[in-house]
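All remarks here apply to the structure that follows.
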Amino acid sequence: MFLKLLKAEDFRLFESVELDFDRNHNLIFGDNASGKTTILEAISYLGRGRSFRNPKIADIVRWGSDDLLVYGKVENNAQYTSIGVMNGKGGLQSSINGDHSLGIAGLAKALPLQVIDPNSHNLISGSPEERRRYIDWILFHVEPKYIEIWRKYKRALKQRNAALKNISDKNEIEYWNKGLSEYGEQINKLREDVFIIIEPVIIENAYDLIGSSISMIFEKGWSKEKSLLDSLNLNLKRDIQYKNTTCGPHRADIRVVLEAGTAKDFVSRGQQKLLACALITASVEIVQMYNDKPLLLLVDDPKAELDRHSTSKLMKKIAKLDSQVIATSIDPEEYLFEGKLKLFHVEHKKIKSI
């Protein structure tokens, strides 16, 4: 699977763009603020229905226009899937082979992608939500039933939190505890299963990138010794006090630990980025293995926070993934990729293949 064609209209500074990508490695280069990252943002819209950089649609639609439009053609074993996304004053609208009902989940299935960018270190240094989102992305692509279980859990969580805010009958909370614990235990089992699979891949990737051994700790979001139902009942007084459910898979986390301590607290920004890249590349490997087809990896400014040696190690790791890669850089430097490379140059609000 790879993105063959991209068309975008009224996306940031570009009035119109049309690009034909290579199956393997692509590099977009140009001066700072020339629009390199904008191309990756447009691709992100096709696979996620949003920009990985800025969620505010008013900042993305080109000045003077009402809507942006992105169209892509994805090739998979000589079969083509057409993806279209429009966003603006009328809200987000999507189409996959003419079907307008599949929504963002449909986009994610049609064009699975991951992103490495200057903010990737947030996967290590940011909130637990970043790391929950990471493991949930993997499960979305390898476990078909996961998204429905997660939606049921979120509905039960919303109802329980509403009951905690306006408590009149504890029986209502007990009712929601049953559903919450049932779906929460299922989510945790799936997360633990995929964590067992991905943990050794992350550890190997991290050693390749930073030259140090790490360990991983999965925290499920409640006491190891208790069931979720028991934890919900035990924490009820605290939950009523805070008017919020304080245990469950929505409180889970993954900790990355080095000899000196937790990576979140004891390593530099550059090392945090490399560790995040270890997680991201591992997720790509696992999803590709399960689905037996390549994914798309967007790499924005790989040199950010890294020296030349670290950047070279990262790009060699990426090159081994057998993914389609679309990267950006100021210059088309040789050490970014080895082997065949398709180049695009951005200048004066125009982009062309070299």
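When you read off a place in the sequence shown, starting at 1, and then add 1191, the result is the number in this note's numbering. All C-beta atoms, glycine included, are put in the ideal place defined by N, C-alpha and C. Here the structure is a predicted model, which is why all the values come from computation and not from measurement.
Using the C-alpha atoms, what's the distance from Lys1531 back to Ala1546? It is not possible to answer for residue 1546, since the shown part of the chain is limited to 1192 through 1545.
Closest residue to Lys1369 among Gln1350, Trp1254, Glu1395 (Cα-Cα distance): For the purposes of this step, residue 1369 is identified with residue 178 of the sequence shown, where counting begins at 1. Here the closest residue by C-alpha is Gln1350.
Within the same chain, show all residues whose beta-carbon is closer than 7 Å to that of Gly1412, passing over the 5 residues directly before and after it, in chain order. Sequence index remark: in the sequence shown, residue 1412 carries index 221 (1-based). Same-chain partners within the cutoff: Cys1438, Gly1439, Pro1440, His1441, Arg1442, Ala1443.
My assumption, with CB atoms under 8 Å, is that Ser1501 sits in contact with Gly1461. Please give the rounded CB distance. What you label residue 1501 is simply residue 310 of the sequence shown in a count that begins at 1. What you label residue 1461 is simply residue 270 of the sequence shown in a count that begins at 1. Between Gly1461 and Ser1501 the Cβ distance is about 7 Å, and since that is below 8 Å, they are a contact.
Taking C-beta to C-beta, are Leu1355 and Asp1430 nearer than 8 Å? Translated into positions along the sequence shown, residue 1355 becomes position 164. Translated into positions along the sequence shown, residue 1430 becomes position 239. For Leu1355 and Asp1430, yes; Cβs fall inside 8 Å.
Are the Cβ atoms of Thr1472 and Asp1492 separated by less than 8 Å? Numbered from 1 along the sequence shown, position 281 holds the residue referred to as residue 1472. Numbered from 1 along the sequence shown, position 301 holds the residue referred to as residue 1492. Contact: no.
So what does Ser1406 bridge to, in DSSP terms? Stepping through the sequence shown from its first residue, residue 1406 is reached at position 215. In the DSSP output, where bridge partners are listed per residue, Ser1406 has Val1448.
List, from N- to C-terminal side, the alpha helix (DSSP H) runs of 4 residues or more that fit wholly inside the segment 1363 to 1426. 1419 to 1425
Is Ile1378 closer than 8 Å to Ile1340 when the C-beta atoms are compared? Position 149 of the sequence shown holds residue 1340. Position 187 of the sequence shown holds residue 1378. Taking 8 Å as the Cβ cut-off, Ile1340 and Ile1378 qualify as a contacting pair.
Please classify Met1506 as buried or exposed, where buried requires at least 16 neighbouring CB atoms within 10 angstroms. Locating residue 1506 in the sequence shown gives position 315, counting from the first residue. It is buried - the Cβ of Met1506 has at least 16 other Cβ atoms within 10 Å.
Between Leu1204 and Arg1253, how many whole angstroms is the CB-CB distance? I'm expecting something under 8 Å. On the sequence shown, residue 1204 is found 13 positions in, with the first residue counted as 1. On the sequence shown, residue 1253 is found 62 positions in, with the first residue counted as 1. Right, their Cβ atoms sit about 7 Å apart.
Using three-state DSSP, classify Ser1497 as helix, strand or coil. As a working mapping, residue 1497 is identified with position 306 in the sequence shown. This sequence places Leu at residue 1497; Ser is not what is there. Coil.
Let me know the secondary structure DSSP gives Ile1542 once reduced to three states. Numbered from its first residue, the sequence shown carries residue 1542 at position 351. Looking at Ile1542 - three-state DSSP - the assignment turns out to be strand.
Quick check: Lys1198 and Val1208, are their CB atoms within less than 8 Å of each other? Here residue 1198 refers to the residue found at position 7 of the sequence shown. Here residue 1208 refers to the residue found at position 17 of the sequence shown. Yes, these two residues count as a Cβ contact at 8 Å.
Does DSSP classify Val1265 as helix, strand or coil? Sequence index remark: in the sequence shown, residue 1265 carries index 74 (1-based). Reduced to three states, the DSSP call for Val1265 is strand.
Might you give, ordered along the chain, the residues of its own chain that have their beta carbon closer than 8 Å to the beta carbon of Asp1498, omitting 5 neighbours on each side? For this step, residue 1498 is matched to residue 307 along the sequence shown. Here the set comprises Gly1461.
Using 8 Å as the threshold, is the C-beta distance between Asn1396 and Lys1508 below it? As a working mapping, residue 1396 is identified with position 205 in the sequence shown. As a working mapping, residue 1508 is identified with position 317 in the sequence shown. Yes, they are a contact pair.
Within this structure, are the beta carbons of Val1276 and Tyr1236 separated by less than 8 Å? Within the sequence shown, the letter at position 85 stands for residue 1276. Within the sequence shown, the letter at position 45 stands for residue 1236. In contact: Val1276 and Tyr1236 (Cβ atoms closer than 8 Å).
Since Val1385 contacts Ile1338 with CB under 8 Å, what's their CB separation in whole angstroms? As a first step, residue 1385 must be located in the sequence shown, where it is residue number 194. As a first step, residue 1338 must be located in the sequence shown, where it is residue number 147. Incorrect: roughly 14 Å between the Cβ atoms, too far for contact.
Compute the Euclidean distance between the alpha carbons of Glu1187 and Val1516, then round it to the nearest angstrom. No statement about residue 1187 is possible, as the shown extent of the chain runs from 1192 to 1545 and does not include it.
Per DSSP, what kind of secondary structure is Leu1283 in: helix, strand or coil? For the purposes of this step, residue 1283 is taken as residue 92 along the sequence shown, with counting starting at 1. Reduced to three states, the DSSP call for Leu1283 is coil.
To which residues does DSSP link Met1192 through a beta bridge? The residue you call residue 1192 lines up with position 1 of the sequence shown. Answer is none; Met1192 lacks a bridge partner.
Buried or exposed: which applies to Asn1548, given that a residue is buried once 16 or more other Cβ atoms fall within 10 Å of its Cβ? Beyond the ends of the chain as shown, which are 1192 and 1545, falls residue 1548; an answer cannot be given.
Excluding the 5 residues preceding and the 5 following Leu1293 in the sequence, name in chain order all residues of the same chain whose CB lies nearer than 6 Å to its CB. The residue labelled residue 1293 in the question sits at position 102 within the sequence shown. Ile1287, listed in sequence order.
Where does Ser1225 sit, in a helix, a strand or coil, going by DSSP? By one-based count along the sequence shown, residue 1225 stands at place 34. Three-state DSSP puts Ser1225 in coil, outside helix and strand.
For Gly1452, is the classification buried or exposed, using 16 other Cβ atoms within 10 angstroms of its Cβ as the cut-off for buried? Here residue 1452 is taken as the residue at index 261 of the sequence shown, counted from 1. Burial call: exposed.
Endpoints, alpha helix (DSSP H) assigned at Leu1348: Position 157 of the sequence shown, counted from the first residue, corresponds to residue 1348. Segment 1337 to 1356, the alpha helix (DSSP H) holding Leu1348.
Could you check which residue in Thr1272, Leu1302, Ile1248, Ser1273 has the C-alpha nearest to that of Leu1486? For the purposes of this step, residue 1486 is identified with residue 295 of the sequence shown, where counting begins at 1. It is Leu1302.
Whole angstroms are fine: how far does the CA of Glu1232 sit from the CA of Glu1206? Taking the first residue of the sequence shown as position 1, residue 1206 is located at position 15. Taking the first residue of the sequence shown as position 1, residue 1232 is located at position 41. Glu1206 and Glu1232: Cα-Cα distance of roughly 15 Å.
Collapsed DSSP secondary structure at Asp1456 in the structure displayed: Stepping through the sequence shown from its first residue, residue 1456 is reached at position 265. Three-state DSSP puts Asp1456 in a helix.
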